[in-house]
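Please read the structure below before turning to the comments.
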Amino acid sequence: MMRSSQPLTGTNGRRCKEDEKLINATLRPGKRGYIIDTRSLNVAQQARAKGGGFEQEAHYPQWRRIHKCIERFNILQESLIKLVEACNDQSHNMDRWLSKLEASNWLTHIKEILTAACLAAQCIDREGASVLVHGTEGTDSTLQVTSLAQIILDPSCRTIRGFESLVVREWLQAGHPFQQRCAQSAYSNSKQKWEAPVFLLFLDCVWQILRQFPCSFEFNEQFLIMLFEHAYASQFGTFLGNNENERSKLKLSQKTMSLWSWVNRSEELSKFQNPLFEANSLVIWPSVAPQSLQLWEGVFLRWNRPSKFLDEAHEEMINIIKYN
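Mapping of the sequence shown onto the numbering used here: position 128 corresponds to residue 122, and the numbering continues sequentially without gaps.
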(Lines of atoms letter the chains of each structure in order from A and count residues from 1; the text may use other names and numbers.)
(Lines give C-alpha, C1' and ligand atoms only; values in the text may rest on other atoms or scores of the structure.)
Protein backbone atom coordinates (compact mmCIF):
# COMPACT_ATOMS: atom_id res chain seq x y z
CA MET A 1 0.00 0.00 0.00
CA MET A 2 1.27 3.43 -0.98
CA ARG A 3 0.14 7.00 -0.42
CA SER A 4 0.84 10.23 -2.24
CA SER A 5 -0.61 13.59 -3.19
CA GLN A 6 -2.52 14.11 -6.45
CA PRO A 7 -0.66 13.88 -9.78
CA LEU A 8 -0.12 17.27 -11.43
CA THR A 9 -1.65 16.39 -14.79
CA GLY A 10 -3.40 19.73 -15.31
CA THR A 11 -5.73 20.57 -18.18
CA ASN A 12 -3.16 19.44 -20.76
CA GLY A 13 -2.98 15.92 -19.37
CA ARG A 14 0.71 15.99 -18.50
CA ARG A 15 2.32 12.65 -17.75
CA CYS A 16 5.33 11.51 -15.76
CA LYS A 17 6.88 8.32 -17.09
CA GLU A 18 9.09 8.01 -14.02
CA ASP A 19 5.99 7.99 -11.82
CA GLU A 20 4.32 5.38 -14.02
CA LYS A 21 7.42 3.19 -13.86
CA LEU A 22 7.70 3.59 -10.09
CA ILE A 23 4.19 2.52 -9.15
CA ASN A 24 4.13 -0.23 -11.81
CA ALA A 25 7.18 -1.72 -10.07
CA THR A 26 4.94 -2.50 -7.07
CA LEU A 27 2.60 -4.73 -9.08
CA ARG A 28 2.79 -8.46 -8.62
CA PRO A 29 3.01 -10.64 -11.75
CA GLY A 30 -0.41 -10.99 -13.32
CA LYS A 31 -2.02 -8.61 -10.80
CA ARG A 32 -3.54 -5.21 -11.33
CA GLY A 33 -3.44 -2.30 -8.92
CA TYR A 34 -6.04 0.04 -7.48
CA ILE A 35 -5.85 3.80 -7.10
CA ILE A 36 -8.24 4.97 -4.38
CA ASP A 37 -8.91 8.68 -4.79
CA THR A 38 -10.50 10.17 -1.68
CA ARG A 39 -12.17 12.91 -3.73
CA SER A 40 -15.32 12.72 -5.80
CA LEU A 41 -14.81 12.53 -9.57
CA ASN A 42 -16.22 16.04 -9.91
CA VAL A 43 -13.75 17.50 -7.38
CA ALA A 44 -10.86 15.63 -9.00
CA GLN A 45 -11.81 17.02 -12.42
CA GLN A 46 -12.04 20.54 -11.01
CA ALA A 47 -8.53 20.15 -9.60
CA ARG A 48 -7.16 19.86 -13.13
CA ALA A 49 -7.93 23.53 -13.73
CA LYS A 50 -5.54 24.36 -10.86
CA GLY A 51 -2.77 22.14 -12.16
CA GLY A 52 -3.74 18.98 -10.25
CA GLY A 53 -5.94 16.15 -11.39
CA PHE A 54 -5.87 12.37 -11.50
CA GLU A 55 -4.19 9.51 -13.32
CA GLN A 56 -5.13 9.06 -16.97
CA GLU A 57 -6.27 5.52 -17.78
CA ALA A 58 -4.22 5.47 -20.99
CA HIS A 59 -1.02 6.03 -19.01
CA TYR A 60 -1.90 3.65 -16.18
CA PRO A 61 -3.55 0.68 -17.97
CA GLN A 62 -2.74 -1.77 -15.18
CA TRP A 63 -4.44 0.36 -12.55
CA ARG A 64 -8.11 0.86 -11.79
CA ARG A 65 -9.07 4.20 -10.29
CA ILE A 66 -11.87 4.26 -7.69
CA HIS A 67 -13.28 7.46 -6.21
CA LYS A 68 -14.33 7.24 -2.55
CA CYS A 69 -15.38 10.73 -1.55
CA ILE A 70 -14.26 11.95 1.88
CA GLU A 71 -15.15 15.55 2.63
CA ARG A 72 -12.51 18.28 2.68
CA PHE A 73 -11.26 19.61 6.02
CA ASN A 74 -13.39 22.78 6.01
CA ILE A 75 -16.58 20.68 5.82
CA LEU A 76 -15.33 18.47 8.65
CA GLN A 77 -14.79 21.44 10.95
CA GLU A 78 -18.36 22.64 10.39
CA SER A 79 -19.53 19.13 11.20
CA LEU A 80 -17.60 19.12 14.48
CA ILE A 81 -19.01 22.50 15.52
CA LYS A 82 -22.57 21.30 14.87
CA LEU A 83 -21.94 18.08 16.79
CA VAL A 84 -20.53 19.88 19.82
CA GLU A 85 -23.49 22.28 19.78
CA ALA A 86 -25.85 19.30 19.75
CA CYS A 87 -24.02 17.63 22.65
CA ASN A 88 -24.19 20.84 24.69
CA ASP A 89 -27.90 21.37 24.06
CA GLN A 90 -29.62 21.42 27.44
CA SER A 91 -33.20 21.39 26.13
CA HIS A 92 -33.63 17.67 26.95
CA ASN A 93 -35.77 17.31 23.82
CA MET A 94 -35.22 13.92 22.16
CA ASP A 95 -36.42 14.97 18.69
CA ARG A 96 -34.22 18.05 18.77
CA TRP A 97 -31.19 16.03 19.88
CA LEU A 98 -31.60 13.41 17.17
CA SER A 99 -32.23 16.07 14.53
CA LYS A 100 -29.08 17.99 15.50
CA LEU A 101 -27.00 14.83 15.61
CA GLU A 102 -28.13 13.86 12.12
CA ALA A 103 -27.60 17.40 10.79
CA SER A 104 -23.98 17.37 11.95
CA ASN A 105 -23.21 14.49 9.53
CA TRP A 106 -20.46 13.34 11.88
CA LEU A 107 -21.37 9.67 11.74
CA THR A 108 -21.72 9.96 7.96
CA HIS A 109 -18.10 11.09 7.77
CA ILE A 110 -17.12 8.14 9.98
CA LYS A 111 -18.91 5.77 7.61
CA GLU A 112 -17.24 7.28 4.52
CA ILE A 113 -13.75 6.99 6.00
CA LEU A 114 -14.24 3.43 7.25
CA THR A 115 -15.73 2.38 3.90
CA ALA A 116 -12.69 3.68 2.00
CA ALA A 117 -10.32 1.98 4.46
CA CYS A 118 -12.17 -1.33 4.17
CA LEU A 119 -11.97 -1.09 0.39
CA ALA A 120 -8.20 -0.57 0.50
CA ALA A 121 -7.79 -3.47 2.92
CA GLN A 122 -10.03 -5.71 0.81
CA CYS A 123 -8.02 -5.06 -2.36
CA ILE A 124 -4.84 -6.08 -0.55
CA ASP A 125 -6.17 -9.03 1.46
CA ARG A 126 -8.52 -10.69 -1.00
CA GLU A 127 -6.91 -9.85 -4.34
CA GLY A 128 -3.27 -9.46 -3.39
CA ALA A 129 -3.32 -6.17 -5.27
CA SER A 130 -1.18 -3.09 -4.81
CA VAL A 131 -3.07 -0.02 -3.64
CA LEU A 132 -2.23 3.67 -4.03
CA VAL A 133 -4.25 6.10 -1.92
CA HIS A 134 -4.34 9.84 -2.50
CA GLY A 135 -6.60 12.86 -2.28
CA THR A 136 -5.29 16.35 -2.94
CA GLU A 137 -2.31 17.08 -0.69
CA GLY A 138 -2.07 13.56 0.75
CA THR A 139 -1.90 14.79 4.34
CA ASP A 140 -5.50 14.42 5.54
CA SER A 141 -8.02 11.88 4.22
CA THR A 142 -5.20 9.88 2.63
CA LEU A 143 -3.67 9.27 6.05
CA GLN A 144 -7.01 8.31 7.56
CA VAL A 145 -7.51 5.60 4.95
CA THR A 146 -3.98 4.15 4.98
CA SER A 147 -3.83 4.11 8.79
CA LEU A 148 -7.18 2.38 9.23
CA ALA A 149 -6.42 -0.14 6.49
CA GLN A 150 -3.27 -1.15 8.38
CA ILE A 151 -5.23 -1.52 11.62
CA ILE A 152 -7.69 -3.80 9.83
CA LEU A 153 -4.95 -5.92 8.24
CA ASP A 154 -2.01 -5.87 10.65
CA PRO A 155 -2.45 -7.11 14.24
CA SER A 156 0.76 -5.36 15.33
CA CYS A 157 -0.97 -2.01 14.72
CA ARG A 158 -3.53 -2.98 17.36
CA THR A 159 -0.88 -3.12 20.09
CA ILE A 160 0.12 -0.03 22.07
CA ARG A 161 3.65 0.22 20.65
CA GLY A 162 2.42 -0.68 17.17
CA PHE A 163 -0.25 2.00 17.25
CA GLU A 164 2.27 4.57 18.47
CA SER A 165 4.52 3.66 15.54
CA LEU A 166 1.55 3.97 13.20
CA VAL A 167 0.79 7.50 14.41
CA VAL A 168 4.45 8.49 14.03
CA ARG A 169 4.79 6.95 10.57
CA GLU A 170 1.43 7.77 9.02
CA TRP A 171 0.70 11.12 10.68
CA LEU A 172 3.77 12.85 12.08
CA GLN A 173 6.34 11.80 9.49
CA ALA A 174 3.83 11.95 6.64
CA GLY A 175 3.26 15.65 7.31
CA HIS A 176 -0.21 15.99 8.76
CA PRO A 177 -0.34 19.70 9.75
CA PHE A 178 -1.26 19.27 13.42
CA GLN A 179 -0.59 22.89 14.29
CA GLN A 180 -3.00 24.15 11.63
CA ARG A 181 -5.66 21.47 12.06
CA CYS A 182 -5.66 21.42 15.89
CA ALA A 183 -4.79 25.05 16.65
CA GLN A 184 -8.08 25.67 18.46
CA SER A 185 -11.30 23.66 18.75
CA ALA A 186 -15.03 23.67 18.15
CA TYR A 187 -15.36 26.16 21.02
CA SER A 188 -13.26 28.84 19.31
CA ASN A 189 -14.94 32.22 18.75
CA SER A 190 -13.00 32.74 15.53
CA LYS A 191 -12.98 30.29 12.65
CA GLN A 192 -9.53 29.35 11.42
CA LYS A 193 -9.26 28.57 7.71
CA TRP A 194 -7.16 25.43 8.18
CA GLU A 195 -8.83 24.10 11.34
CA ALA A 196 -10.26 20.57 11.00
CA PRO A 197 -10.81 17.46 13.17
CA VAL A 198 -9.03 15.10 10.76
CA PHE A 199 -7.03 13.28 13.45
CA LEU A 200 -10.04 13.18 15.79
CA LEU A 201 -12.10 11.51 13.06
CA PHE A 202 -9.36 8.91 12.63
CA LEU A 203 -9.36 8.21 16.38
CA ASP A 204 -13.16 8.00 16.32
CA CYS A 205 -12.95 5.41 13.54
CA VAL A 206 -10.45 3.41 15.59
CA TRP A 207 -12.83 3.56 18.55
CA GLN A 208 -15.66 2.25 16.35
CA ILE A 209 -13.48 -0.75 15.42
CA LEU A 210 -12.36 -1.21 19.04
CA ARG A 211 -15.99 -1.28 20.14
CA GLN A 212 -16.79 -3.97 17.56
CA PHE A 213 -13.68 -6.02 18.37
CA PRO A 214 -13.10 -5.37 22.11
CA CYS A 215 -10.64 -8.24 22.55
CA SER A 216 -8.42 -7.50 19.54
CA PHE A 217 -6.78 -4.29 20.80
CA GLU A 218 -4.10 -4.05 23.47
CA PHE A 219 -5.10 -0.46 24.26
CA ASN A 220 -8.38 0.83 25.64
CA GLU A 221 -10.64 3.81 24.98
CA GLN A 222 -8.69 6.01 27.41
CA PHE A 223 -5.60 5.63 25.24
CA LEU A 224 -7.45 7.10 22.25
CA ILE A 225 -8.94 9.90 24.36
CA MET A 226 -5.47 10.72 25.67
CA LEU A 227 -4.13 11.08 22.10
CA PHE A 228 -7.05 13.32 21.18
CA GLU A 229 -6.38 15.57 24.16
CA HIS A 230 -2.65 15.88 23.50
CA ALA A 231 -3.18 16.63 19.80
CA TYR A 232 -5.03 19.81 20.84
CA ALA A 233 -3.23 20.77 24.06
CA SER A 234 -0.12 19.10 25.41
CA GLN A 235 2.88 19.65 27.63
CA PHE A 236 4.86 17.44 25.24
CA GLY A 237 6.36 18.38 21.87
CA THR A 238 5.18 15.37 19.88
CA PHE A 239 2.27 17.07 18.08
CA LEU A 240 3.80 20.55 17.75
CA GLY A 241 4.44 21.95 14.26
CA ASN A 242 3.00 20.98 10.89
CA ASN A 243 5.68 18.59 9.64
CA GLU A 244 9.01 16.97 10.46
CA ASN A 245 10.95 19.86 8.93
CA GLU A 246 9.35 22.36 11.32
CA ARG A 247 9.90 20.09 14.31
CA SER A 248 13.54 19.67 13.32
CA LYS A 249 14.11 23.42 12.97
CA LEU A 250 12.49 24.02 16.36
CA LYS A 251 14.71 21.28 17.85
CA LEU A 252 11.70 19.84 19.64
CA SER A 253 13.42 16.50 20.26
CA GLN A 254 16.01 18.37 22.34
CA LYS A 255 13.82 21.03 23.96
CA THR A 256 10.71 19.01 24.77
CA MET A 257 9.81 15.60 26.12
CA SER A 258 8.16 13.03 23.87
CA LEU A 259 4.61 11.97 24.64
CA TRP A 260 5.58 8.35 23.97
CA SER A 261 8.33 8.34 26.60
CA TRP A 262 5.71 9.35 29.17
CA VAL A 263 3.00 6.96 27.98
CA ASN A 264 5.34 3.97 27.88
CA ARG A 265 6.36 4.27 31.54
CA SER A 266 4.98 1.27 33.42
CA GLU A 267 3.00 3.38 35.90
CA GLU A 268 1.24 5.19 33.04
CA LEU A 269 0.99 2.31 30.59
CA SER A 270 -1.25 0.29 32.88
CA LYS A 271 -3.95 2.97 32.58
CA PHE A 272 -4.19 2.41 28.84
CA GLN A 273 -4.05 -1.39 28.68
CA ASN A 274 -7.14 -3.33 27.67
CA PRO A 275 -7.79 -6.12 30.22
CA LEU A 276 -9.79 -8.05 27.61
CA PHE A 277 -6.96 -8.15 25.07
CA GLU A 278 -6.15 -11.46 23.39
CA ALA A 279 -3.69 -11.42 20.50
CA ASN A 280 -5.61 -11.90 17.26
CA SER A 281 -3.59 -12.54 14.11
CA LEU A 282 -6.64 -12.43 11.85
CA VAL A 283 -7.85 -9.59 9.66
CA ILE A 284 -10.76 -7.79 11.33
CA TRP A 285 -13.55 -6.42 9.16
CA PRO A 286 -15.56 -3.67 10.88
CA SER A 287 -19.20 -3.18 10.01
CA VAL A 288 -19.98 0.18 8.42
CA ALA A 289 -23.74 -0.26 8.55
CA PRO A 290 -25.43 2.80 10.08
CA GLN A 291 -26.76 0.65 12.92
CA SER A 292 -23.19 -0.36 13.83
CA LEU A 293 -21.83 3.17 14.25
CA GLN A 294 -22.33 5.07 17.49
CA LEU A 295 -21.53 8.48 18.90
CA TRP A 296 -18.27 8.39 20.84
CA GLU A 297 -19.62 9.24 24.29
CA GLY A 298 -16.19 9.16 25.91
CA VAL A 299 -15.24 12.27 23.93
CA PHE A 300 -18.42 14.10 23.02
CA LEU A 301 -20.52 13.36 26.11
CA ARG A 302 -17.64 13.18 28.57
CA TRP A 303 -19.07 15.96 30.75
CA ASN A 304 -22.62 14.59 30.59
CA ARG A 305 -21.94 11.19 32.14
CA PRO A 306 -20.31 10.47 35.52
CA SER A 307 -17.04 8.59 35.20
CA LYS A 308 -17.05 7.22 38.76
CA PHE A 309 -19.13 4.13 38.01
CA LEU A 310 -17.31 3.47 34.73
CA ASP A 311 -13.97 3.63 36.54
CA GLU A 312 -15.23 1.29 39.26
CA ALA A 313 -16.51 -1.17 36.64
CA HIS A 314 -13.15 -1.07 34.86
CA GLU A 315 -11.26 -1.75 38.09
CA GLU A 316 -13.58 -4.64 38.93
CA MET A 317 -13.07 -6.11 35.46
CA ILE A 318 -9.29 -5.98 35.92
CA ASN A 319 -9.54 -7.68 39.32
CA ILE A 320 -11.77 -10.46 37.98
CA ILE A 321 -9.36 -11.20 35.14
CA LYS A 322 -6.30 -10.94 37.40
CA TYR A 323 -7.52 -13.35 40.06
CA ASN A 324 -9.25 -15.86 37.80
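We put the beta carbon where it would ideally sit given N, CA and C, even for glycine.
Quick caveat, the model's predicted, so the values are computed rather than measured.
Please classify residue i: does DSSP put it in a helix, a strand, or coil?
i: F213; result: strand
i: G4; result: coil
i: Q285; result: helix
i: R9; result: coil
i: L21; result: coil
i: W201; result: helix
i: K105; result: helix
i: C112; result: helix
i: K15; result: helix
i: N313; result: helix
i: E291; result: helix
i: R296; result: coil
i: E189; result: coil
i: Q178; result: coil
Let me make sure I understand the geometry here. Which of the options has the alpha-carbon closest to that of residue i?
i: Y(-5); options: D198, L147, C81; result: Sequence check: residue -5 is Met here, not Tyr. It is L147.
i: V200; options: T153, R33, E238, L35; result: T153
i: W100; options: A143, S73, L246; result: S73
i: W290; options: W188, C10, Q216; result: Q216
i: L126; options: N68, I219, A19; result: A19
i: K44; options: G4, L95, N68; result: G4
i: S320; options: F193, L234, L197, L77; result: As shown, the chain starts at -5 and ends at 318. That puts residue 320 outside it, with no answer to give.
i: L66; options: A190, L113, Q178, T109; result: Just to set this straight, residue 66 is Arg in the shown sequence, not Leu. The shortest Cα separation from R66 among A190, L113, Q178, T109 belongs to A190.
i: F266; options: E212, V162, W188; result: E212
i: W256; options: Q229, L113, L197; result: Q229
i: S124; options: E309, R22, V78, W165; result: R22
i: S98; options: Q84, A110, D83, I75; result: I75
i: K105; options: P208, Q138, V293; result: Q138
Report the partner residues of residue i according to the DSSP bridge assignment.
i: M(-4); result: L126
i: G27; result: W57, S124
Unbroken stretches of the beta strand (DSSP E), 3 residues or longer, contained in the segment 30 to 97: The qualifying runs are 57 to 61.
Touch test, the segment 237 to 252 against the segment 262 to 281, Cβ-Cβ under 8 Å, three pairs minimum: Output reads no: the segment 262 to 281 does not touch the segment 237 to 252.
Three or more C-beta pairs below 8 Å linking the segment 128 to 148 and the segment 163 to 171: Contact holds: three or more Cβ-Cβ distances are below 8 Å.
At least three beta-carbon pairs within less than 8 Å, the segment 52 to 65 to the segment 23 to 35: Touching, yes.
Runs of alpha helix (DSSP H) lying entirely within the segment 118 to 172, each at least 4 residues, in chain order: Within the segment 118 to 172, the alpha helix (DSSP H) runs of at least 4 residues that lie entirely inside it are, in chain order, 135 to 147, 154 to 161.
Runs of alpha helix (DSSP H) lying entirely within the segment 204 to 251, each at least 4 residues, in chain order: DSSP runs (the alpha helix (DSSP H)) wholly in the segment 204 to 251: 215 to 226, 238 to 243, 246 to 249.
Meets three-Cβ-pair contact criterion under 8 Å: the segment 106 to 124 and the segment 85 to 97: Cβ pair count under 8 Å is below three, so no.
Any 3 or more C-beta pairs closer than 8 Å across the segment 280 to 295 and the segment 192 to 212: Look at the beta carbons and you see the segment 280 to 295 touching the segment 192 to 212: at least three pairs across the two are nearer than 8 Å.
Beta strand (DSSP E) runs contained entirely in the segment 252 to 285, provided each spans 3 or more residues: Entirely contained in the segment 252 to 285, not one beta strand (DSSP E) run reaches 3 residues.
Stretch pair the segment 5 to 13 + the segment 36 to 51: three plus CB contacts closer than 8 Å: Put simply, the segment 5 to 13 touches the segment 36 to 51. At least three CB pairs are less than 8 Å apart.
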